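Asks: Structure provided below as structure tokens; questions to follow.
2 protein chains.
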Amino acid sequence: MHIVAFQGEIGAYSERAAREFFGATWQVTPCRTFRDAFVAVHEGQAHAAIIPIENSLAGSVHQNYDLLLQYHLHITGEIILRISHHVMALPGVQWEQVRRVYSHPQALEQCREFLEQRPELEIIPAYDTAGSAKLVAENNWREAAAIASAQAAEHYGLAILQRGVESNHKNYTRFLVLEKAAAAPAAPGKTSIVFSTPHTPGALFKALAVFALRDINLLKIASRPLHGSPWHYLFYLDFEGTPNESRCEKALAHLGEISELLRVLGAYEKGRVLE
Amino acid sequence: MHIVAFQGEIGAYSERAAREFFGATWQVTPCRTFRDAFVAVHEGQAHAAIIPIENSLAGSVHQNYDLLLQYHLHITGEIILRISHHVMALPGVQWEQVRRVYSHPQALEQCREFLEQRPELEIIPAYDTAGSAKLVAENNWREAAAIASAQAAEHYGLAILQRGVESNHKNYTRFLVLEKAAAAPAAPGKTSIVFSTPHTPGALFKALAVFALRDINLLKIASRPLHGSPWHYLFYLDFEGTPNESRCEKALAHLGEISELLRVLGAYEKGRVLE
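Protein chains in written order, with the numbering used here: chain A, -10 to 264; chain B, -10 to 264.
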């Protein structure tokens, strides 16, 4: 049986991404932290990990960019999930009984307009969305609710009081699949890299020139601090195409000439979107 | 009396930044969320807000970039604080009594090497560093410790068991000062802007050209999702110089020609560093 590691409690959005990507024949293993999921693949306890890298409202998951650099795993795939937050409570609990709402701060922020219409509720930030559902269920709290996924409601035996309470429904999370060996993507593919430039004026401009001059489309750029060197940055870049294509191979060789660090994190097929 | 708003409990790093920047004649007002701090200035309950925008290890504080766009406040200054995390407990508590350690997940991650040497401790993520100190103090827990600032230890009457437990001592946070009116910085100054580009190949390359072709040094670039338009981005850029200088004024006019959105968030003097 193949094993895929993910961070969070059962019912987390990552668990759904893992099940959708790998199907029912794979076993999912929850990990306490993102790092634990990387380590599980690195040390061979899991065959793959699935991690969120970016949300269309909240942006990049910084820590996972750092871990991509630290652990030499390969990005071998991606999958995009529409995120829908629901309010849930113990079965039989009515809206009028609810006094407190628990969820992850990011989920609470995404549901702000809904929560502002109910100023009588005490809003309590928690570490995890699925963890909030677990908290309400395990403590048997009848005056509390959680905001989490439909999977979390099902897993912890909670009833959904109100569906889709997020302000912006264009709420998608992009997950990456990580494995020890690189993928061999068929076109159309994309490539993720990380690089750093010398700290000279125009250095980033020159780095982007290697793509612009070859009409290679950039899909994403994110900057991350270079540890030990405050206010210097690493750049994480996704571009269309894979190193199998000559112009992409040449762009990477050109970038290698002018960057201090350059690593291909993975070349993989573009992921499907689950609405 | 002038009032400065900050997010967090008394003893938060932001409070120290506010006191250092404005001095003892200003009154500090804690806010529950970053948004509340923006609103306090926007609605006139505070004369200024101070918010963390970037940490040299953890990176950008995404939410504050989004709030800068949403509320039309001006960045009028910055201050940089070295962050040092301490383990603290009730007075008289010895290391051997401590079973649980509370702190913000980011602080826990920054102290990972220290915590890995003490695998017997249960590590519990909390919403806030100063809030963790408050939790231990208010519950009178003798088997728990918090990781937070020296100011938090002092404010909540806790004793420091071990100082400076962070793995990387090059740990700095940059705070921005926000006011309703723009500043008139003397040189050497810097400018923060936000812009978006058309979704065409080479668009970001062209945007950076307006600075590179004028030898203007970029200090920072961050990308944030454009809400409602998944996988399209806004770019937040800091550059050396202010619009009072002709080449910077021309670069901004040039960028205005090729960007869909462009706003100057503030031009201000470079901040001092508090070690």
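All C-beta atoms, glycine included, are put in the ideal place defined by N, C-alpha and C. Because the structure is a prediction, the values reported are computed rather than measured.
1. From this set, B:His(-9), B:Thr18, B:Phe10, B:Met(-10), which residue's C-alpha is nearest B:Gly(-3)'s C-alpha?
2. Ignore the nearest five residues each way along the sequence and tell me which others in A:Ser3's own chain have a CB closer than 8 Å to its CB.
3. Run through DSSP, which three-state label would B:Arg163 get?
4. Any residues in the stretch 216 to 240 of chain A with a beta carbon nearer than 8 Å to a beta carbon of chain B? Which ones, in chain order?
5. Could you check where the alpha helix (DSSP H) with A:Ala96 kicks off and where it finishes?
6. Helix or strand or just coil, what does DSSP make of A:Leu70?
7. Check distances from the C-beta atoms of the stretch 155 to 177 of chain A to those of chain B and list, in chain order, the residues that come in under 9 Å.
8. Look up A:His243 in the DSSP assignment and say whether it is helix, strand or coil.
9. What would DSSP say about B:Tyr91, mapped onto helix, strand or coil?
10. Tell me, which residues are paired with B:Lys209 by DSSP?
11. Between which two residues does the alpha helix (DSSP H) carrying B:Ala2 extend?
12. Answer with yes or no whether the minimum CB distance from A:Asn44 to chain B is below 9 Å.
13. Whose C-beta lies closer than 6 Å to the C-beta of A:Thr118 among residues of the same chain, with five residues either side of it excluded?
14. Which residues of chain B have a Cβ atom closer than 7 Å to the Cβ of A:Val212, listed in chain order?
15. Can you find a C-beta in chain A that's less than 9 Å from the C-beta of B:Gly191?
16. Check the Cβ of A:Ala122 against every Cβ in chain B and list those closer than 8 Å, keeping chain order.
17. Nearest by alpha-carbon distance to A:Ile247: which of A:Gly230, A:Tyr257, A:Phe200 is it?
18. Would you mind giving the Cβ-Cβ distance between B:Gly260 and B:Ile64, rounded to the nearest angstrom? I have them listed as a contact below 8 Å.
19. Please classify B:Ala204: is it buried, with 16 or more other beta-carbons within 10 angstroms of its beta-carbon, or exposed?
20. State whether the stretch 21 to 38 of chain B contacts the stretch 165 to 173 of chain B, with contact taken as three or more CB pairs (one from each stretch) at a distance under 8 Å.
21. When DSSP builds the beta bridges, which residues end up paired with B:Gln(-4)?
22. Where does the unbroken alpha helix (DSSP H) through B:Thr118 begin, and where does it stop?
23. Per DSSP, which residues does B:Asn44 bridge with? Please list them.
Replies: Reading from the atomic positions:
1. As a working note, residue -3 of chain B is residue 8 in the second sequence. Minimum Cα distance to B:Gly(-3) is reached at B:Thr18.
2. For the purposes of this step, residue 3 of chain A is identified with residue 14 of the first sequence, where counting begins at 1. Cβ neighbours of A:Ser3 beyond the five flanking positions: Phe(-5), Gln(-4), Gly(-3), Ile39, Ile40, Pro41, Phe164.
3. Locating residue 163 of chain B in the second sequence gives position 174, where the first residue counts as 1. Reduced to three states, the DSSP call for B:Arg163 is strand.
4. His216, Gly217, Ser218, Pro219, Trp220, Tyr222
5. As a first step, residue 96 of chain A is located in the first sequence; it is residue number 107 there, counting from the start. From DSSP, the alpha helix (DSSP H) with A:Ala96 extends over 94 to 99.
6. Here residue 70 of chain A corresponds to residue number 81 of the first sequence, with the count starting at 1. In this structure, A:Leu70 counts as strand in the three-state DSSP scheme.
7. Asn157, Lys159, Asn160, Tyr161, Arg163
8. Walking along the first sequence from the start, residue 243 of chain A turns up at place 254. In the structure shown, A:His243 sits in a helix (DSSP, three-state: H, G or I).
9. The residue labelled residue 91 of chain B in the question sits at position 102 within the second sequence. B:Tyr91: strand per DSSP, three-state reduction.
10. Position 220 of the second sequence, counted from the first residue, corresponds to residue 209 of chain B. Answer is B:Asp227, bridged to B:Lys209.
11. For the purposes of this step, residue 2 of chain B is taken as the residue at position 13 of the second sequence. Rather than Ala, the amino acid found at residue 2 of chain B in this sequence is Tyr. Element bounds for B:Tyr2: 2 to 11.
12. Position 55 of the first sequence, counted from the start, is the residue given in the question as residue 44 of chain A. Judged by the 9 Å Cβ criterion, A:Asn44 is in contact with chain B.
13. Here residue 118 of chain A refers to the residue found at position 129 when the first sequence is read from its first residue. Same-chain partners within the cutoff: Ser92, His93, Ala96, Ala137.
14. Residue 212 of chain A sits at position 223 when you count from the first residue of the first sequence. A quick correction: the sequence has Ser, not Val, at residue 212 of chain A. Per Cβ cutoff of 7 Å: Ile210, Ala211.
15. Mapped onto the second sequence, residue 191 of chain B falls at position 202. With 9 Å as the cut-off, B:Gly191 counts as an interface residue toward chain A.
16. What you label residue 122 of chain A is simply residue 133 of the first sequence in a count that begins at 1. The premise fails here: A:Ala122 is roughly 17 Å from chain B at the closest Cβ pair, so nothing lies under 8 Å.
17. Here residue 247 of chain A is taken as the residue at index 258 of the first sequence, counted from 1. Nearest of A:Gly230, A:Tyr257, A:Phe200 to A:Ile247, Cα basis: A:Phe200.
18. Your numbering for residue 260 of chain B matches position 271 in the second sequence. Your numbering for residue 64 of chain B matches position 75 in the second sequence. That belief does not hold up - the Cβ atoms of B:Gly260 and B:Ile64 are roughly 11 Å apart, past 8 Å.
19. As a working mapping, residue 204 of chain B is identified with position 215 in the second sequence. According to the sequence displayed, residue 204 of chain B carries Asp and not Ala. With fewer than 16 other Cβ atoms within 10 Å, it is exposed.
20. yes
21. Residue numbering aside, residue -4 of chain B sits at position 7 when the second sequence is read from its first letter. Paired residues: B:Cys20.
22. Locating residue 118 of chain B in the second sequence gives position 129, where the first residue counts as 1. Where B:Thr118 is concerned, the enclosing alpha helix (DSSP H) stretches over 118 to 127.
23. For the purposes of this step, residue 44 of chain B is taken as residue 55 along the second sequence, with counting starting at 1. According to DSSP, which records beta bridges pairwise, B:Asn44 is partnered with B:Gly48, B:Thr162.
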